[in-house]
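Below: the structure, in structure tokens.
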Amino acid sequence: MRKLLIVGNWKMHLNASQASLLVHRLSERIKIHRDIEVVLAPSMLALQPLSLQIDRRKFRLASQNAYFHDEGAYTGEVSFTMLRELVHYGIIGHSERRHIFDEDLNMVRDKMAAAIRNEITPILCVGETKHERQDGETKQVLHDQLMTALSNLTAHEVGKIVIAYEPIWAIGQVAAKPDQVKDAVAYTRGYIADVFNDSAAKKVRVLYGGDVAPEVIHGLLAVPGVDGFLIGRASLNYQTFADIVEAAHRWQRNHETSKEGE
Ligand code: PGA
């Protein structure tokens, strides 16, 4: 059975009490499903209280960012070491980090190593800009981002990470078409098969992110190799987020049943 991963990235929204209220509302609506893992990425400030509040059978936590050194004189930063007991996952290289905060390829690579060193599963974000797509550079961009980010990892480690394909032109705009996602996901798994091995390419979980809403998830779940979603705006609305989780579960159930009937 394929287990889907659905990650809500709350970005710089909701203070600790607002985040707590959202978790409360989500808990009322989201059921525990064996075939779905739901992950919440609140602000750094809300991680500690939410780690005490959440039912761990229902939700896991992710950080939206962290620094690559474990400790030291780095004013304003939080390390993966500090997050060890709080989060299962760490989002790394989100396009907003790369573009607004100038995180370069090497910094993303060092953060990948730091997350793994601290036993936090990285959710590595990759994806091209609109111009790069128009210029036919999508694969080259994915290649460069994957090559650097994964360069210090073993095949075994790569098999355990999560990669989120998030085309920058789609984030907060309009979801990519299933065919566009299919090409990017196939390229990503192909790259991992070539550079690491088939087992890592099969095991690595690949998500899609960029304007995910309940209406588009069926089309995207049908794309081979998509294991779930990284969701921004729609994850801030408890009804919408819960609808996405339930719709994904129903899709899984129907899909598994039809496979059994084959
Ligand atoms: P969006 O954001 O769902 O609002 O497009 C996705 C993301 O940035 O991870």
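Under numbering that gives the first Met the number 0, the residue at position 200 of the sequence shown is numbered 199, and the numbers go up by one with no gaps.
Backbone N, C-alpha and C define an ideal beta-carbon position, used for all residues, glycine too.
Would you call residue 88 buried or exposed, if buried means 16 or more other Cβ atoms sit within 10 Å of its Cβ? buried
Where residue 261 sits in the DSSP three-state scheme: At residue 261 the pLDDT is 45, less than 50, meaning the model places this residue with poor confidence; the figure from the coordinates comes in the next sentence. Residue 261 falls in the coil class under three-state DSSP.
Identify, in the order they occur along the chain, each residue of the same chain with its Cβ nearer than 6 Å to the Cβ of residue 245, setting aside the five sequence neighbours on each side. Nothing listed; no residue qualifies.
Proximity test, residue 230 beta-carbon vs the ligand PGA heavy atom, cut-off 7 Å: yes
In terms of alpha-carbon separation, which member of 83, 48, 70 and 42 lies closest to residue 63? Nearest neighbour of residue 63 by Cα position, chosen from 83, 48, 70 and 42, turns out to be 42.
Give a yes or no on contact between the region 23-34 and the region 227-245, applying the rule of three or more CB pairs nearer than 8 Å. yes
Between the C-alpha atoms of residue 47 and residue 85, what's the straight-line distance to the nearest angstrom? Their Cα atoms are separated by approximately 7 Å.
So is residue 101 buried or exposed if we call it buried at 16+ other beta carbons inside 10 Å? exposed
N-terminal and C-terminal residue of the beta strand (DSSP E) that residue 207 is part of: 204-208
Less than 7 Å between the CB of residue 8 and some heavy atom of the ligand PGA, yes or no? yes
Does at least one heavy atom of the ligand PGA sit under 7 Å from the Cβ of residue 194? no
Spatial distance of residue 261 from residue 200 (CA atoms): The predicted position of residue 261 is uncertain, since its pLDDT is 45 and thus under 50; a value taken from the coordinates is nonetheless stated next. Straight-line Cα distance between these residues: approximately 26 Å.
For residue 239, name the three-state secondary structure that DSSP assigns. helix
Give the straight-line distance between the Cα atoms of residue 19 and residue 134, rounded to the nearest whole angstrom. 44 Å
Residue 170 beta carbon near the ligand PGA (any heavy atom closer than 7 Å): yes
Okay, do the region 140-154 and the region 188-204 touch, 3+ Cβ pairs below 8 Å being the bar? yes
Residues near residue 121 by beta carbon distance below 6 Å, same chain, minus five either side: 89, 91, 111, 114 and 160
For my contact list, residue 218 and residue 184 are in at a C-beta cut-off of 8 Å; report their separation, rounded to the angstrom. Going by Cβ atoms, the distance from residue 218 to residue 184 rounds to 13 Å, so no, they are not a contact pair.
Name, in chain order, the residues that DSSP records as bridge partners for residue 36. 4
On the criterion of 16 or more Cβ atoms from any shown chain inside 10 Å, does residue 106 qualify as buried, or is it exposed? buried
Three-state secondary structure assigned by DSSP to residue 170: Correct three-state label for residue 170: coil.
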